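Read left to right, the sequence shown gives residues 231 to 465 (the working numbering). Take a look at the structure below.
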Amino acid sequence: MKQMRLDKYLTETRGMTRSEAKQYLKKGRVTVDGTIEKKPERKIDPENATVLVDGELCRYAQFHYFMLNKPQGVVSATEDFKERTVLDLIKEPVKDLFPVGRLDKDTEGLLLLTNDGVLAHELLSPKKHVEKCYYAVLDGPVGETEQEQFEQGLDIGDEKLTLPAKLEPLSDGKNGVYITVCEGRFHQVKRMAKAVGREVLFLKRMSMGSLQLDPELKTGSYRELTREEVELLKR
231 MKQMRLDKYL
241 TETRGMTRSE
251 AKQYLKKGRV
261 TVDGTIEKKP
271 ERKIDPENAT
281 VLVDGELCRY
291 AQFHYFMLNK
301 PQGVVSATED
311 FKERTVLDLI
321 KEPVKDLFPV
331 GRLDKDTEGL
341 LLLTNDGVLA
351 HELLSPKKHV
361 EKCYYAVLDG
371 PVGETEQEQF
381 EQGLDIGDEK
391 LTLPAKLEPL
401 SDGKNGVYIT
411 VCEGRFHQVK
421 RMAKAVGREV
431 LFLKRMSMGS
441 LQLDPELKTG
451 SYRELTREEV
461 ELLKR
């Protein structure tokens with residue numbers, strides 16, 4: 231990998247600004263391979279150098295991938311002047327992080343956050359038809375008629391019908407269903423339910439492509455994706 235300026239390395243691994251990084255260096259709070267380094271222009275190998283800030287090891291990764299179990303009440307945005315955003319839930323100082331797609335403010339569940347723009351584009355591209363599965367609680371039962379309507383495509387007020395989708399009623403006593411779509415239209419699941427005469431009372435995304443919501447991940451919590459999960463998504 232190419233050599234990287236030390237101040238840039240600190241901005242990417244510690245979430246600092248360049249000016250903050252230079253102040254840390256000036257005060258002797260940064261060591262490179264065991265030696266105090268004060269020069270921001272110092273070139274290092276980001277994958278092999280051992281860099282410590284106040285004795286804490288910096289870990290370099292070109293891209294980061296986080297699985298968030300999004301709670302209700304936060305918006306899927308990088309910033310919002312009125313609402314709490316999903317980025318407010320991520321404590322790691324990762325630069326240029328953003329949510330891949332959107333979940334409504336009142337929708338829970340799986341949300342991928344990354345700074346890998348190429349992967350995000352692949353997952354969101356309409357041409358890729360990446361499947362997204364949701365658990366929904368409806369205001370009444372559905373059956374074979376509604377399942378067939380989902381499979382044929384629904385008129386939800388757009389220029390085109392929705393692409394074929396799956397509706398799977400569950401025996402959970404709550405009028406629960408699994409809904410699987412391969413598009414990302416605005417409020418799509420809620421509008422599809424309404425098109426067959428039902429309202430969505432609760433909505434939670436369970437999967438996106440190969441990525442499944444970790445059942446051990448509590449609402450509002452997150453974790454980094456495993457290497458295997460990232461590789462499967464990139465396929």
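Cβ atoms here follow ideal geometry from the backbone N, Cα and C, with glycine treated the same way. Only a predicted model underlies this, so the values are computations on that prediction, with no experimental measurement involved.
Need the endpoints of the beta strand (DSSP E) that residue i sits in, please.
i, result
"alanine 366", "362 to 368"
"tyrosine 295", "295 to 300"
"phenylalanine 432", "430 to 438"
"tyrosine 239", "From DSSP, tyrosine 239 is part of no beta strand (DSSP E) but of the alpha helix (DSSP H) over 236 to 244."
"arginine 453", "452 to 454"
"glycine 406", "406 to 411"
"threonine 375", "First-last for threonine 375: 374 to 382, but that is the alpha helix (DSSP H), not the beta strand (DSSP E)."
"proline 399", "396 to 399"
"glycine 403", "Here glycine 403 belongs to no beta strand (DSSP E), and DSSP marks it neither H nor E."
"glutamate 338", "338 to 344"
"leucine 447", "Counting along the chain, leucine 447 falls outside any beta strand (DSSP E), and DSSP gives it neither H nor E."
In whole angstroms, what is the alpha-carbon distance linking residue i and residue j?
i, j, result
"tyrosine 452", "glutamate 461", "19 angstroms"
"glycine 406", "tyrosine 364", "10 angstroms"
"glutamate 459", "glutamine 302", "25 angstroms"
"glycine 439", "valine 360", "5 angstroms"
"glutamine 377", "histidine 294", "38 angstroms"
"alanine 307", "threonine 247", "21 angstroms"
"arginine 457", "glycine 258", "35 angstroms"
"glycine 403", "threonine 375", "20 angstroms"
Which residue's Cα is closest to the Cα of residue i: the options?
i, options, result
"leucine 327", "Glu429, Gly373, Leu368 and Val316", "Val316"
"glutamate 429", "Gly258, Gly403 and Gly370", "Gly370"
"alanine 467", "Glu446, Ala395, Gly403 and Ser401", "Only positions 231 to 465 of the chain appear in this structure, which leaves residue 467 out of reach."
"lysine 448", "Tyr239, Lys300, Arg272 and Glu277", "Lys300"
"methionine 234", "Gln292, Lys256 and Gln253", "Gln292"
"proline 356", "Arg244, Asp336, Gly331 and Ser306", "Gly331"
"lysine 256", "Val283, Glu446 and Arg244", "Val283"
"valine 367", "Arg244, Ser401, Ala350 and Arg465", "Ser401"
"glutamate 267", "Asp237, Lys321 and Thr243", "Asp237"
"lysine 269", "Leu349, Arg457 and Thr261", "Thr261"
"proline 399", "Tyr290, Asp444 and Phe380", "Phe380"
"alanine 350", "Pro329, Lys321 and Gly427", "Pro329"
"aspartate 275", "Leu240, Arg415 and Val304", "Leu240"
"tyrosine 408", "Lys312, Gly427, Leu433 and Asp388", "Leu433"
"glycine 264", "Gly285, Tyr254, Lys358 and Arg465", "Gly285"
Since residue i sits in a beta bridge, which residues does DSSP pair it with?
i, result
"threonine 265", "Val262"
Might you give, ordered along the chain, the residues of its own chain that have their beta carbon closer than 8 angstroms to the beta carbon of residue i, omitting 5 neighbours on each side?
i, result
"glutamine 418", "Ile386, Thr392 and Val411"
"leucine 441", "Met297, Leu340, Leu342, Leu455, Glu459, Leu462 and Leu463"
"asparagine 345", "Phe293, His294, Val324, Lys325, Asp326, Leu327 and Phe328"
Could you spell out where the alpha helix (DSSP H) holding residue i opens and where it closes?
i, result
"arginine 248", "248 to 256"
"lysine 420", "418 to 425"
"valine 460", "457 to 464"
"valine 348", "347 to 354"
Who are the Cβ neighbours of residue i in its own chain at under 6 angstroms, not counting the five residues just before and after it?
i, result
"glutamate 420", "In the sequence on display, residue 420 carries lysine and not glutamate. The answer, listed in chain order, is Val430."
"glutamate 413", "Leu393"
"valine 281", "Val262 and Cys288"
"proline 323", "Arg244 and Gly245"
"glutamate 242", "Lys325"
Spatial neighbours of residue i within its chain, please: CB distance less than 7 angstroms, with the 5 preceding and 5 following residues excluded, ordered by chain position.
i, result
"lysine 252", "Asp237 and Pro270"
"leucine 354", "Val330, Gly331 and Gly414"
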